[in-house]
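**Student:**
Protein chains in written order, with my numbering: chain A, 29 to 262; chain B, 98 to 333.
1) Please state if the CB of residue 103 of chain A and the CB of residue 202 of chain A are separated by a distance shorter than 7 Å.
2) Would you please verify whether the beta carbon of residue 234 of chain A is less than 7 Å from any beta carbon of chain B?
3) Mind listing the chain B neighbours of residue 242 of chain A? Cutoff is C-beta to C-beta under 7 Å, in chain order.
4) CB residue 147 of chain A to CB residue 91 of chain A, shorter than 7 Å?
5) Which bits of chain B does residue 93 of chain A rub up against, with CB to CB less than 9 Å?
6) When the cut-off is 7 Å and only beta carbons count, does residue 60 of chain A lie next to chain B?
7) In whole angstroms, give me the CA-to-CA distance for residue 304 of chain B and residue 98 of chain A.
8) Quick one: does residue 222 of chain B have its CB under 7 Å from some CB of chain A?
9) Counting pairs of beta carbons, one from the region 271-278 of chain B and one from the region 192-203 of chain B, are three or more of them closer than 8 Å?
10) Alpha carbon to alpha carbon, what distance is there between residue 296 of chain B and residue 164 of chain B?
11) Can you give me the start and stop residues for the alpha helix (DSSP H) that residue 42 of chain A sits inside?
12) Tell whether a beta-carbon distance below 7 Å holds between residue 310 of chain B and residue 118 of chain B.
13) Measure from the alpha carbon of residue 94 of chain A to the alpha carbon of each residue in A/247, A/139 and A/192, then state which is nearest.
14) In whole angstroms, give me the CA-to-CA distance for residue 114 of chain A and residue 125 of chain A.
15) Against chain D, does residue 229 of chain B count as a neighbour if the rule is that its beta carbon must be under 7 Å from one of theirs?
16) If you follow the alpha helix (DSSP H) that residue 156 of chain B is part of, which residue opens it and which one closes it?
17) Which word fits residue 108 of chain B, buried or exposed, when buried means at least 16 other C-beta atoms lie within 10 angstroms of its C-beta?
18) Please tell me whether residue 144 of chain B and residue 136 of chain B are closer than 7 Å, where the distance is taken between their beta carbons.
19) Does the Cβ of residue 169 of chain A lie closer than 6 Å to at least one heavy atom of the ligand COA?
20) Suppose contacts are defined by Cβ-Cβ distances below 7 Å. Is residue 326 of chain B in contact with residue 235 of chain A by that definition?
21) When the Cα of residue 198 of chain A is compared with those of A/237, A/79 and A/65, which residue comes out closest?
22) Among the candidates A/149, A/119 and A/200, whose CA atom is the shortest distance from the CA of residue 175 of chain A?
23) With a Cβ-Cβ cutoff of 7 Å, do residue 142 of chain A and residue 208 of chain A count as a contact?
24) What's the C-alpha gap between residue 333 of chain B and residue 254 of chain B?
25) For a contact defined as C-beta to C-beta under 7 Å, what are the partners of residue 160 of chain B on chain A?
26) What is the DSSP secondary structure of residue 29 of chain A, counted as helix, strand or coil?
27) In the DSSP output, what is residue 50 of chain A paired with across the bridge?
28) Check whether the region 166-182 of chain B and the region 254-261 of chain A touch, using three or more Cβ-Cβ pairs below 8 Å as the test.
29) Would you tell me roughly how many angstroms separate the C-alpha atoms of residue 213 of chain B and residue 224 of chain B, rounded to the nearest one?
30) Report the residues of the region 107-129 of chain A with a CB closer than 7 Å to any CB of chain B, ordered along the chain.
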C-alpha cells in the first residue's frame, strides 16, 4: 500500500509526466460532460414538453435510446464502432476525431448524461404551477421572456436535488473512460495493479479518491440546495 | 431480418447470460436490501451503524471500481483462506476458483444491495405505525407481521425505486464483460472483430438492451397496478 502510494501518488492525482491523468482527468471528464449534458438538456427539455409530436417525438426517442442502453455499449459504439465505418475512416476530420479515445469518451458521456438531464428538467418544467404561467401571461410576457424569467429558473431550482444525483452517477460513470484508453483514476489504479499484483491496495486507493469526490459533491450540492431552495425550508 | 453472419447463437447465449446475471444479482441484492433496511432501522446502534457505513461507502464509490476491487481481491483472499485450511489438514487440497459469472453476481448483489437498502428503508418507514400495532394486537408473530402486513404494503412504496434499481442492474451487467464474462456485449464484440463490422454488431447489442429495458418497463407498470390494489388515486 505504502509502496503504491509513494510511487503512484503523482499519476493518481494529476500527471504521469506527459499527460493529465488520475484525479485531474476524472474531474475534467465530469465537468465537461456535465456542461455538454446541461447545454443539450435545457433546449430539449423545453421541446420535450411541446404539444407538437414532431417536436417531442425525436426528443423522446433520443432519451429513450440513451436511457435504455448501458453507457458502456454507447461508448463502444462511438469509440470502436464509428471508426470501423468506411465513410468515417475516409473522412479526414471525422477520422481524426474518432481516433482519439478522449473525444469519443466525452461525446458518449455528454450525450448520455444529456438524455438523463433532459428527462429531469422536462419533469421539473412540467411541474410548473399553472398559476405562474397565467400570471406571466397576464403581465404580457412573451413566450421567450416567460421561459427565461419564470419557468426555467423555478424549474432548475426544483430539479436541483434530482440533478445532484445525476452528477454523482456521472462521476461513477466516468470510470468507464479507461476502456477508451483515457488515463483516469481507475486507469492509474489498473496500471498500479499490473505493476505490483496488489489489487486490494491499488483499487482501494482509487475507491478512497472517488469516495472523497463524492462527499465533496454531495456537500456542495447540499449547500447549493440550502441557498437556492431556501424558500422551501420547513 | 438481421444478417448475423453465423454469430446469432453466440449473441443469443450472451443475452441469456446477461439476463441470468441480472436476475440472480437482483435476488441477491433484494435479500441484502431487506436485511440492510432492517439493520438500518434497528434500535441497536452497532447494527444500524454498520448498515450506514455499508450504504454510504458503496453508494459513494463507482460500481466499476468496486467490481474490479472485489473481483481481483476476492480470489486472492479465497486462495489465502484455502491455503490456510490446507496447512491445517494437509490431507485435503481445497481449491475454489471464482468464475466471472459468480463474482459478477456477488459484486453486483453486494453493490446494489446498498441501493435496495435505502429503497426499502424509505418504504418501511412509509407503512403506517398503526398497521404494525394492530397486527401485534392480533397476536401475530414478528415473521407473520412481516409476511402478511409489512411486506405487501411496503412493496407498493418500494416499487418505483425497485423498478429503477432493476433497470440500473440490467445496465450494470454490461460492466461484467470487463472482467471477462461472455455476455451479450462480449459476444457482439467478438462478432464485430470477426467480421470487421463492429458498428453493426454493437448496435445489435444496444438493441438487445433496449428490448430488455422496454419489456421490464411494461412488467413494472403491471406490477405497480397489482400492488396498488385498493388504493384510490387522484383523478385529474
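Heads up, the beta-carbon is just placed ideally off N, CA and C, and yes, glycines get one too. Quick caveat: nothing in here was measured; it's all calculated off a predicted structure.
**Tutor:** So, from the listed chains and residues:
1) Taking the first chain and counting its residues from 1, one reaches residue 202 of chain A at position 174. Taking the first chain and counting its residues from 1, one reaches residue 103 of chain A at position 75. With contacts defined as CB atoms closer than 7 Å, residue 202 of chain A and residue 103 of chain A fail to qualify as a contacting pair.
2) Walking along the first chain from the start, residue 234 of chain A turns up at place 206. Chain B, which has a Cβ nearer than 7 Å to the Cβ of residue 234 of chain A, makes this yes.
3) Your numbering for residue 242 of chain A matches position 214 in the first chain. Within chain B, the residues near residue 242 of chain A are 157.
4) Translated into positions along the first chain, residue 147 of chain A becomes position 119. Translated into positions along the first chain, residue 91 of chain A becomes position 63. It is a contact, given that the beta carbons lie within the stated cut-off.
5) As a working mapping, residue 93 of chain A is identified with position 65 in the first chain. Taking a Cβ-Cβ cut-off of 9 Å, the neighbours of residue 93 of chain A in chain B comprise 303 and 307, given in sequence order.
6) Working through the first chain from its first residue, we reach residue 60 of chain A at position 32. With 7 Å as the cut-off, residue 60 of chain A does not count as an interface residue toward chain B.
7) On the second chain, residue 304 of chain B is found 207 positions in, with the first residue counted as 1. On the first chain, residue 98 of chain A is found 70 positions in, with the first residue counted as 1. Looking at the two C-alpha atoms, the distance is approximately 11 Å.
8) Your numbering for residue 222 of chain B matches position 125 in the second chain. Residue 222 of chain B has a beta carbon lying at 7 Å or more from every beta carbon in chain A.
9) Taking 8 Å as the limit for Cβ pairs, the verdict is that the region 192-203 of chain B does touch the region 271-278 of chain B.
10) Against the second chain, residue 164 of chain B aligns to sequence position 67. Against the second chain, residue 296 of chain B aligns to sequence position 199. Looking at the backbone, the Cα of residue 164 of chain B and that of residue 296 of chain B are separated by about 27 Å.
11) Position 14 of the first chain, counting from 1, holds the residue named residue 42 of chain A. Taken as a continuous stretch (DSSP letters only), residue 42 of chain A belongs to no alpha helix (DSSP H), as it is neither H nor E.
12) Numbered from its first residue, the second chain carries residue 310 of chain B at position 213. Numbered from its first residue, the second chain carries residue 118 of chain B at position 21. Not a contact, by the Cβ cut-off of 7 Å.
13) Locating residue 94 of chain A in the first chain gives position 66, where the first residue counts as 1. The option with the nearest alpha carbon to residue 94 of chain A is A/139.
14) Sequence index remark: in the first chain, residue 114 of chain A carries index 86 (1-based). Sequence index remark: in the first chain, residue 125 of chain A carries index 97 (1-based). Looking at the two C-alpha atoms, the distance is approximately 14 Å.
15) Considering every chain present, this structure includes no chain D. Its protein chains are A and B.
16) Position 59 of the second chain holds residue 156 of chain B. 142-157 is the extent of the alpha helix (DSSP H) around residue 156 of chain B.
17) As a first step, residue 108 of chain B is located in the second chain; it is residue number 11 there, counting from the start. So residue 108 of chain B ends up on the buried side.
18) Mapped onto the second chain, residue 144 of chain B falls at position 47. Mapped onto the second chain, residue 136 of chain B falls at position 39. At the C-beta level, residue 144 of chain B and residue 136 of chain B come within 7 Å of one another.
19) Absence of the ligand COA is noted for the structure shown, with no ligands found whatsoever.
20) Residue mapping note: residue 326 of chain B aligns to position 229 of the second chain, counting from 1. Residue mapping note: residue 235 of chain A aligns to position 207 of the first chain, counting from 1. 7 Å or more divides the Cβ of residue 326 of chain B from the Cβ of residue 235 of chain A.
21) The residue labelled residue 198 of chain A in the question sits at position 170 within the first chain. Per the Cα distances, A/65.
22) Against the first chain, residue 175 of chain A aligns to sequence position 147. Ranking the options by Cα distance to residue 175 of chain A, first place goes to A/149.
23) Position 114 of the first chain, counted from the first residue, corresponds to residue 142 of chain A. Position 180 of the first chain, counted from the first residue, corresponds to residue 208 of chain A. Between residue 142 of chain A and residue 208 of chain A, the CB-CB gap reaches or exceeds 7 Å.
24) Taking the second chain and counting its residues from 1, the one referred to as residue 333 of chain B is at position 236. Taking the second chain and counting its residues from 1, the one referred to as residue 254 of chain B is at position 157. For residue 333 of chain B, the pLDDT reaches just 49, beneath the cut-off of 50, and the residue's location in the model is therefore unreliable, leaving the point undetermined.
25) Counted from its first residue, the second chain places residue 160 of chain B at position 63. Residue 160 of chain B reaches chain A at 200, counting residues in chain order whose Cβ is nearer than 7 Å.
26) Along the first chain, one-based indexing puts residue 29 of chain A at 1. Residue state, collapsed to three classes: coil.
27) The sequence position of residue 50 of chain A within the first chain is 22, counting from 1. A/212, per the DSSP bridge assignment.
28) Remark: fewer than three beta-carbon pairs, one from each stretch, lie closer than 8 Å, so the region 166-182 of chain B and the region 254-261 of chain A are not flagged as touching.
29) Position 116 of the second chain holds residue 213 of chain B. Position 127 of the second chain holds residue 224 of chain B. Straight through space, the alpha carbons of residue 224 of chain B and residue 213 of chain B are spaced by roughly 17 Å.
30) Look at the region 107-129 of chain A: the residues with a C-beta under 7 Å from a C-beta of chain B are 108, 109, 110, 112 and 113.
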